[in-house]
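Accompanying notes for the structure given below.
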Amino acid sequence: VDAALCDDLLQEVFRLLPPAAGPAVSLVSRRWVALLRASTSRLTLRLPPAFTGASASAAAGPLADLLSRYPYLSALAVVSASSAAAHDADALLLAVSASPSATRLTALRFSVGSPVSPAALRDVSVTLSGLTSLHLTAVSPLSFRWLACLPCLNREALLQFIRRRGAALHTLDLRLPLDLHNDHLLAIGAEQGHDTRGSLAVLRLQSCVLVTGDGLRSLARTAIGAGIKDVALVSCDVVEREPGLLTFLSQSMRHLRRLDLSYNETLKDKEIGAMLSSCRNLIDIRFRGCRGITGESLLSLLRHCGQTVEVVDISRCPAIKVASVELFAQRATRLNHLVIEVSSVSEELKAIARTKGMKVGPLPCEGSF
Numbered sequence: 168v169d170a171a172l173c174d175d176l177l178q179e180v181f182r183l184l185p186p187a188a189g190p191a192v193s194l195v196s197r198r199w200v201a202l203l204r205a206s207t208s209r210l211t212l213r214l215p216p217a218f219t220g221a222s223a224s225a226a227a228g229p230l231a232d233l234l235s236r237y238p239y240l241s242a243l244a245v246v247s248a249s250s251a252a253a254h255d256a257d258a259l260l261l262a263v264s265a266s267p268s269a270t271r272l273t274a275l276r277f278s279v280g281s282p283v284s285p286a287a288l289r290d291v292s293v294t295l296s297g298l299t300s301l302h303l304t305a306v307s308p309l310s311f312r313w314l315a316c317l318p319c320l321n322r323e324a325l326l327q328f329i330r331r332r333g334a335a336l337h338t339l340d341l342r343l344p345l346d347l348h349n350d351h352l353l354a355i356g357a358e359q360g361h362d363t364r365g366s367l368a369v370l371r372l373q374s375c376v377l378v379t380g381d382g383l384r385s386l387a388r389t390a391i392g393a394g395i396k397d398v399a400l401v402s403c404d405v406v407e408r409e410p411g412l413l414t415f416l417s418q419s420m421r422h423l424r425r426l427d428l429s430y431n432e433t434l435k436d437k438e439i440g441a442m443l444s445s446c447r448n449l450i451d452i453r454f455r456g457c458r459g460i461t462g463e464s465l466l467s468l469l470r471h472c473g474q475t476v477e478v479v480d481i482s483r484c485p486a487i488k489v490a491s492v493e494l495f496a497q498r499a500t501r502l503n504h505l506v507i508e509v510s511s512v513s514e515e516l517k518a519i520a521r522t523k524g525m526k527v528g529p530l531p532c533e534g535s536f
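Position one of the sequence shown corresponds to residue 168 (our numbering), numbered consecutively onward.
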């Protein structure tokens, strides 16, 4: 009991010591070395350069052995020198996840000269599920599905990412993002001022419940927003909740070429017509699942974009009658693909398609753009 009490007291003392005192403590005895490691909660490890010809995963074994001596870490940084040959990031990350302190880690900085794979991130998520902060240099292939396996990550991470990397964003595709709100859109718009070279070109939002019309309008007013070419607002209640929003966006985004409004079920013809009156460059528009629109929307599309539109998706729009579809297909001069259910394709529509060399029927894939 006395020995255990003494060890506890020593560990408390060690926690109060500055990091520079660590080497001196380790010279006293092996027992003190073990106690010092047990009292360490934050650790930074700098990997040596990988040897030429050695396996890229050669450092994983020594790393695992070293981490086994630090059972109570809450923050860990594993980095390699900038001049070092690339290590096997996946093997090193698996070594971290197998360490005794893995379940206690709340912050991890991982930069080892090569990208981490999404598969490895999913594999380590079981033991690293307590992470609230994660810094990675690169993920390849690029995917964010693994984020769902780390539920404790800081909810502000998306905002920080946009602020740091927003200038390099070309495509922002977020589906059911419960963290996305107006601040993120404002951060994108403020990132580059009036220099839109290489800026955001594709904005796809699906089921974004916290984004309001004010946020989208603020983005559209910026130079970056004005340069966006592809927009998807799929099943976004803000489209149905705020009349006039689509018209404002179309007036502000003069370079808009592709628009996806799928599954906004209460969207009306009047809103579509007002929006299309400002669209002059549309080549691709999707109304899939917009159950509230009728043939009037097709007439508006024909009137304002009949000379430019090439792909139109009106599948699952039961209020659009066959006669309206046939008229649109006949008069839209550049139309080459009309997406519609097979059961809704009339003989007249088939004849028009054959004459114009046009595809009629469902898409080979359900994705947008």
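The C-beta atom is built at its ideal place from N, Cα and C for all residues, glycine as well.
I need the DSSP call for residue i, collapsed to helix, strand or coil.
i, result
"F495", "helix"
"A225", "coil"
"H471", "helix"
"H504", "strand"
"R421", "coil"
"L240", "coil"
"A262", "helix"
"L320", "coil"
"D480", "strand"
"L234", "helix"
"V293", "coil"
"D255", "coil"
"T522", "helix"
"V283", "strand"
"L538", "Nothing about residue 538 can be read from this structure; the chain reaches only from 168 to 536."
"T270", "helix"
"L212", "strand"
"S378", "The sequence shown places Val at residue 378, rather than the Ser named in the question. Three-state DSSP puts V378 in coil, outside helix and strand."
"A486", "coil"
"S310", "coil"
"F218", "Residue confidence for F218 is low, a pLDDT of 47 falling below 50, so the modelled location carries little weight; the figure read from the coordinates is stated next. The answer is coil: DSSP assigns F218 none of H, G, I, E or B."
"G394", "coil"
"L156", "Since the first and last residues shown for the chain are 168 and 536, residue 156 lies out of range."
"L298", "coil"
"G360", "In this predicted model, G360 has a pLDDT of only 49, less than 50, meaning its place in the structure is not dependable; the value taken from the coordinates is given anyway. Coil, per DSSP."
"E463", "helix"
If distances are taken between C-alpha atoms only, which option among the options comes closest to residue i?
i, options, result
"T207", "I395, L233, L240 and V476", "L240"
"C446", "A393, T338 and E409", "A393"
"V478", "S402, L469, V506 and K523", "V506"
"A242", "T379, E409 and S300", "S300"
"G473", "S482, C457 and D451", "D451"
"K523", "A499, W313 and V509", "A499"
"L352", "C319, L386, R371 and S374", "L386"
"L212", "L275, F454 and S511", "L275"
"E514", "L530, V492 and N503", "V492"
"C457", "I487, H302 and L469", "I487"
"P485", "A231, F277, F454 and E438", "F454"
"V376", "L233, L230, L309 and E409", "E409"
"Y430", "Q373, A286 and Y237", "Q373"
"V512", "H504, R501, V527 and R521", "V527"
"L233", "C319, A262 and R501", "A262"
"A529", "K517, V509 and L516", "According to the sequence shown, residue 529 is Pro rather than Ala. For P529, the nearest C-alpha among the options comes from V509."
"R424", "V476, D381, I439 and G440", "V476"
"Q418", "I395, E407 and A205", "I395"
Just to check my reading of the structure: residue i and residue j have Cβ atoms closer than 8 angstroms, yes? What is that Cβ distance to the nearest angstrom?
i, j, result
"D279", "V306", "First, the amino acid is wrong: residue 279 is Val here, not Asp. With 8 angstroms as the limit, V279 and V306 do not qualify as a contact, their Cβ atoms being about 13 angstroms apart."
"V401", "D427", "6 angstroms"
"G462", "E432", "Incorrect: roughly 17 angstroms between the Cβ atoms, too far for contact."
"A496", "I519", "5 angstroms"
"M442", "L413", "4 angstroms"
"A226", "L210", "The pair is not a contact, with the Cβ atoms about 16 angstroms apart (cut-off 8 angstroms)."
"V398", "L370", "5 angstroms"
"P146", "S292", "With the chain represented from 168 up to 536, any question about residue 146 goes unanswered, as that position is not in the structure."
"S444", "H422", "Not really, about 17 angstroms apart at Cβ, beyond 8 angstroms."
"L295", "A258", "Contact flag wrong, Cβ pair sits at about 15 angstroms."
"T379", "V405", "6 angstroms"
"H254", "S281", "6 angstroms"
"L317", "L298", "6 angstroms"
"F277", "L303", "6 angstroms"
"A265", "A287", "Not a contact, Cβ separation roughly 12 angstroms."
"I391", "I355", "6 angstroms"
"L383", "L416", "6 angstroms"
Using DSSP bridges, identify the partner residues of residue i.
i, result
"T338", "V369"
"F277", "V245 and L303"
"A399", "R371 and D427"
"V509", "For V509, which the question treats as bridged, DSSP gives no partner whatsoever."
"V527", "L505"
Where in the stretch 403-461 do unbroken runs of the beta strand (DSSP E), each at least 3 residues long, occur, reported from the N-terminal end onward? 425-427 and 451-453
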